[in-house]
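Residues in the sequence shown are numbered from 45 upward in steps of one, following the working numbering. Every residue, glycine too, gets a C-beta built ideally from N, C-alpha and C. Report on one structure; see the data block that follows.
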Amino acid sequence: EYMGEERTIFKESRFILFGKNIIKSLIFLSSYYNTSFNLKFFKIIMYKKLFTFAFGWIKWFLSFIPAFKYEHVPKLDSTIKNFNSNFMKSFDTNEDKARRSAYQKTTEVFYNLITDFYEWGWGKSFHFAPRYNDETFRESIVRYEHLFASSLGIPTDKESLAKKEYQVLDVGCGVGGPLRAIARFFKFRVHVTGINITKEHINRAEKYNKQAGVRNYTLVHGDFNQIPRADGFFDAVYDFEATLHSTDRQKTFKEIHRVLKPGGRFVTAQYCLLDNYDPNNKYHLELIRKIDNANGCYCFGQTVKLTTSNLEKAGFKVISHEDVFAEGNGSDIRFHECFEGAKGAQFTGTSIGLRCTYAFTYIGESLRLLPRGTCEVQGLLMDAAESFKEAGKLGLISPGLLYICEKPLSKKD
45 EYMGEERTIF KESRFILFGK NIIKSLIFLS SYYNTSFNLK FFKIIMYKKL
95 FTFAFGWIKW FLSFIPAFKY EHVPKLDSTI KNFNSNFMKS FDTNEDKARR
145 SAYQKTTEVF YNLITDFYEW GWGKSFHFAP RYNDETFRES IVRYEHLFAS
195 SLGIPTDKES LAKKEYQVLD VGCGVGGPLR AIARFFKFRV HVTGINITKE
245 HINRAEKYNK QAGVRNYTLV HGDFNQIPRA DGFFDAVYDF EATLHSTDRQ
295 KTFKEIHRVL KPGGRFVTAQ YCLLDNYDPN NKYHLELIRK IDNANGCYCF
345 GQTVKLTTSN LEKAGFKVIS HEDVFAEGNG SDIRFHECFE GAKGAQFTGT
395 SIGLRCTYAF TYIGESLRLL PRGTCEVQGL LMDAAESFKE AGKLGLISPG
445 LLYICEKPLS KKD
């Protein structure tokens, strides 16, 4: 529906307006040769027509500029500069330790900066998804979210769901894209709680949930390292690439383990370094540093082996794990291809799309249609895309290590 609406607006507001102005101008110019207007009068009319034509073309051009207001970031220009100054650090330094100690603030600031761009260029589900060739980008997102829902170990039949109200936790729920998909998957017969450290995300999720008619949910503004629920409160927990913002994965996994009932499942998509990654290769290190810096995350050192170990040390039994983007695991398109060509994602995520967005934000900022600093935020996201693309090509990292874990019924289990 959204894309259909966009296509209608695109045709009527851009191409038709542009075409009408061209035709009007051509008709006017051709009519001049068959009239006896004096030169002075002709010049006045010509300038008026040319102005109208130019204004119409500018209006068509400006319609591409994202309408970002950034009302939730009062001083965008200084905020992005401070973020770049404080977060863009190298590994194993005192500066890096300082930013890790302030992870709550840096994560919230990061998402305050990039959420408008994510929604405009990616959608309201801030995660990658395995995709078949005959799927649209949106279809792949929903299919992946439904895969999570079906892996939670919760029954889907009406009779079972009527016997008790299952409690599900969305760790790092963002603006609620996955929460809405999973709530619908269960026909609103389970209660989904979303927790997020960014207040703006909670506000938007509440707004979007009401617009979509979502029922039976709770949104919590809080830290996933300190979940405000009793031990064993949730029947199932899921995480779409949210715990990558954790500076201590084992600590985060322990907290999730605490609030999960014995026998309950934890399904998570983890960013993991792959076998091709060489910690002694300076270029590899630089690419992972850029991914961390430009995404406000902490992937450095997070190998599959370490991630599995952290989950097990937190008390989980790992039922299965696989890279959903690996060959034969349910994806014809690798995750980094969304930054290379239109087949991998929406146009705005491709290299050309990113550069076009940069140009439009630069123009919009120059004309004071966008707040100062918008263009710099887009530059940050371009760095993220380039580093992801290169690291993906080299097989250094995957955002799709899908873990299905269970909290044992007893220590013996």
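Pairing Gly-372 with Phe-284, the inter-Cα distance amounts to about 21 Å. Taking a contact as a CB-CB distance under 8 Å, the pair Asn-247 and Cys-217 does not count as one, their CB atoms being some 12 Å apart. Sequence-distant Cβ neighbours of Ala-358 in its own chain, meaning closer than 7 Å and more than five residues away, are Gln-294, Phe-297, Lys-298, His-301.
Glu-450 carries a strand assignment under DSSP once its states are collapsed to helix, strand and coil. Rounded to the nearest whole angstrom, the C-alpha separation of Arg-399 and Glu-330 is 23 Å. With respect to the C-alpha of Val-234, the residue from Leu-223, Val-219, Asn-253, Val-212 having the closest C-alpha is Val-212. A contact between stretches requires three or more CB pairs, one per stretch, nearer than 8 Å, and the region 256-268 fails this requirement with the region 189-201.
Comparing alpha-carbon positions, the option among Tyr-210, Phe-391, Asp-427, Glu-356 lying closest to Lys-455 turns out to be Glu-356.
Asn-320 and Ala-429 have their C-alpha atoms roughly 20 Å apart.
Around the C-beta of Gln-270, fewer than 16 other C-beta atoms lie within 10 Å, and the residue is accordingly described as exposed. Residue pairing for Ile-239: DSSP places it in a beta bridge opposite Val-215, Val-264.
Assignment of beta-bridge partners to Lys-361 by DSSP yields Glu-450. Arg-412 counts as exposed, since fewer than 16 other C-beta atoms from the protein chains shown sit within 10 angstroms of its C-beta. The beta-bridge partner set that DSSP reports for Phe-278 consists of Leu-304.
Here the region 170-179 does not lie against the region 110-130, with fewer than 3 beta-carbon pairs under 8 Å apart.
Residues Leu-317, Leu-318, Asn-320, Tyr-321, His-328, Leu-331, Ile-332 of the same chain have their beta carbon placed closer than 8 Å to that of Leu-440, with the five preceding and five following residues left out of the count. At least 8 Å separates the beta-carbon of Cys-382 from that of Gly-397. The Cβ atoms of Lys-451 and His-380 do not sit closer than 8 Å to each other.
Burial is judged here by how many other beta carbons sit within 10 angstroms of a residue's own beta carbon; Gln-255 has fewer than 16 and is exposed.
Between Leu-205 and Asp-214, the C-beta spacing is not below 8 Å. Note: Val-311 is bridge-paired with Tyr-282, Ile-448 in the DSSP secondary-structure output.
The three-state reading of DSSP puts Asp-336 in helix, counting H, G and I together. Val-362 and Phe-310 have their alpha carbons spaced roughly 9 Å apart. Check the Cα spacing between Phe-154 and each of Val-186, Lys-334, Asn-339, Glu-115: the tightest is with Asn-339. For Cys-419, the secondary structure class from DSSP, reduced to helix, strand or coil, is helix.
For Ala-206, the enclosing alpha helix (DSSP H) starts and ends at 202-207. Linking Pro-306 to Ala-280 through their CA atoms gives a straight-line distance of about 10 Å. Secondary structure at Ser-395: helix, using DSSP grouped into helix, strand and coil. Residue burial annotation: Phe-360 is buried, with at least 16 other C-beta atoms found within 10 angstroms of its C-beta. Nearest to Leu-453 by alpha-carbon distance, out of Ala-225, Gly-308, Lys-113, is Gly-308. A direct Cα-to-Cα measurement between Phe-170 and Gly-221 gives close to 8 Å.
With a 10 Å radius around the Cβ and a threshold of 16 neighbouring Cβ atoms, Leu-424 comes out buried. The beta-carbon distance between Ala-313 and Pro-443, rounded to whole angstroms, is 7 Å. This is short enough to meet the 8 Å contact definition. The beta carbons of Lys-168 and Tyr-114 sit no closer together than 8 Å. Non-local beta-carbon contacts of Tyr-402 in its own chain, meaning distances under 8 Å to residues more than five positions away in sequence, involve Cys-419, Gln-422, Gly-423, Met-426 in chain order. Assignment of Asp-427 by DSSP, reduced to helix, strand and coil, places it in the helix class.
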